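Report on one structure; see the data block that follows.
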Amino acid sequence: MTKHSFFGELYVLKIGGSVLTDKATERIARTSTLKRISEEIAIAQPRNLILIHGAGSFGHPQAKMYLVSREIKDALITHETVKKLNMMMVSALTDRGLKAIPLHPLSAVVSKGGEIEYKLKDQIELALKQGIIPVLHGDIILDARGGFSILSGDQLVVYAAKEFKASRVGVGTDVDGVLDDTGVVIRELTASDVAKRNITGSEHVDVTGGMKEKVDLLVQLAARYKIPAVLFNATKESNVVKFLRGDGLLGTVITGRLRRREKVKNTDTIQ
Ligand SMILES: Nc1ncnc2c1ncn2[C@@H]1O[C@H](COP(=O)(O)OP(=O)(O)O)[C@@H](O)[C@H]1O
Ligand SMILES: [Mg+2]
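With my numbering applied, the sequence shown corresponds to residues 70 to 340, in that order.
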């Protein structure tokens, strides 16, 4: 598919589990936030939107159990729990009059020797062509090496943005952007900046690497595919509308501008 298959812009928006759930308490969803975000999407009315969400406390603690036990029952608990959050998101969107469908990575994505194979393109494409918002989420996926591996919502952002040549990519989380050592939002980050910054994981259970992994993935997306992303605070009202409308300065923009002689990891794998 080319960029021109769709009429108008195509947006990829990820809402973190830190926004939709209380990450400190297992299986607590923020229902008012699910509603508000759906309302903001309805207000902005983006023509082509791929929505991705994280698992928060509907997946990270459960996945952590699986990573210790390696038992299929814990993998299935992870999948079933995050599916509940996904259904809450989809229902909140449909309650607001939007057309939305769930897409579960376990049924369409596999890991082979560390490479991730996504068989989601047709489903996403057909949904978009019918004005439906596909709603994807972090999940467990089958791994050719045995058992399951964890696929993060942040990895799905990179996949969707490059596969569909997104015109705008937003990653909503629970902080105002990537913060420097003094707690101030860094307005623009490039690959070379990241190496010098002290970016760590998450203060909550986050089996997918928290802020560090998020930024690393977005830097790769920007540097290799020339698709910048904005990382913003989606717990604050109106920021989703602002992102979708392209209004104002939001959070941290992660760009692919490279300084001379800088090299970006030459790998397609986003694990
Ligand atoms: N330099 C940094 N700037 C901003 N947040 C950071 C930084 N280093 C670590 N973090 C942590 O990353 C968290 C966001 O990542 P994460 O919990 O994975 O969010 P999400 O659930 O939205 O994916 C923040 O709540 C914060 O605790
Ligand atoms: Mg995370």
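All C-beta atoms, glycine included, are put in the ideal place defined by N, C-alpha and C. These numbers come from a predicted model, not from an experiment.
- Query: Straight-line CA distance for phenylalanine 127 to serine 160?
  - Reply: 16 Å
- Message: Cutting at 6 Å between CB atoms, please list the residues of its own chain near valine 310, excluding the five before and the five after it.
- Response: Glu109, Ile112, Ala113
- Message: Can you tell me whether lysine 92 is helix, strand or coil according to DSSP?
- Response: coil
- Task: Could you have a look at histidine 273 and say whether DSSP puts it in helix, strand or coil?
- Result: coil
- Query: Can you tell which of Leu205, Gly252, Ile201, Phe75 has its C-alpha closest to the C-alpha of lysine 188?
  - Reply: Leu205
- Message: Taking the alpha-carbon of leucine 318 as reference, which of Thr269, Ile121, Leu300, Arg326 has the nearest alpha-carbon?
- Response: Leu300
- Message: For glycine 123, which residues in the same chain have their Cβ closer than 6 Å to its Cβ, ignoring the five residues on either side in sequence?
- Response: Gly85, Gly86, Gly207, Gly222
- Message: Helix, strand or coil for phenylalanine 25? Go by DSSP, reduced to three states.
- Response: Outside the modelled stretch of the chain, which goes from 70 to 340, sits residue 25, for which no answer is possible.
- Message: From the DSSP secondary-structure annotation, give me the bridge partner or partners of histidine 206.
- Response: His122
- Query: Span of the beta strand (DSSP E) holding arginine 237?
  - Reply: 237-242
- Helix, strand or coil for glutamate 306 per DSSP? coil
- Between the C-alpha atoms of leucine 258 and valine 274, what's the straight-line distance to the nearest angstrom? 25 Å
- Comparing alpha-carbon positions, which option in Ile323, Leu162, Val240 lies nearest threonine 100? Leu162
- On the premise that threonine 321 lies in contact with valine 247, defined as a C-beta separation below 8 Å, what is that separation, rounded to the nearest angstrom? 4 Å
- Message: If distances are taken between C-alpha atoms only, which option among Arg96, Ile193, Asp143, Arg139 comes closest to leucine 154?
- Response: Arg96
- Task: In the DSSP assignment, find the alpha helix (DSSP H) that holds threonine 147 and state where it starts and stops.
- Result: 141-164
- Message: So, with DSSP's three-state summary, where would you put serine 101?
- Response: helix
- Inter-residue spacing [alpha-carbon to alpha-carbon] between glycine 252 and threonine 269: 13 Å
- With 16 other CB atoms within 10 Å as the buried threshold, where does glutamate 186 fall? exposed
- Skipping 5 residues on each side, what residues in its chain have a beta carbon closer than 8 Å to that of valine 178? Ile185, Glu186, Tyr187, Lys188, Leu189, Asp208, Ile210, Leu220
- Task: Could you name the residues of the same chain whose beta carbon sits closer than 8 Å to that of alanine 235, not counting the 5 residues immediately before and after it, in chain order?
- Result: Leu79, Tyr80, Val81, Ile119, Ala229, Ile296
- Query: With burial defined as no fewer than 16 other Cβ atoms inside 10 Å of the residue's Cβ, what is the status of threonine 94: buried or exposed?
  - Reply: exposed
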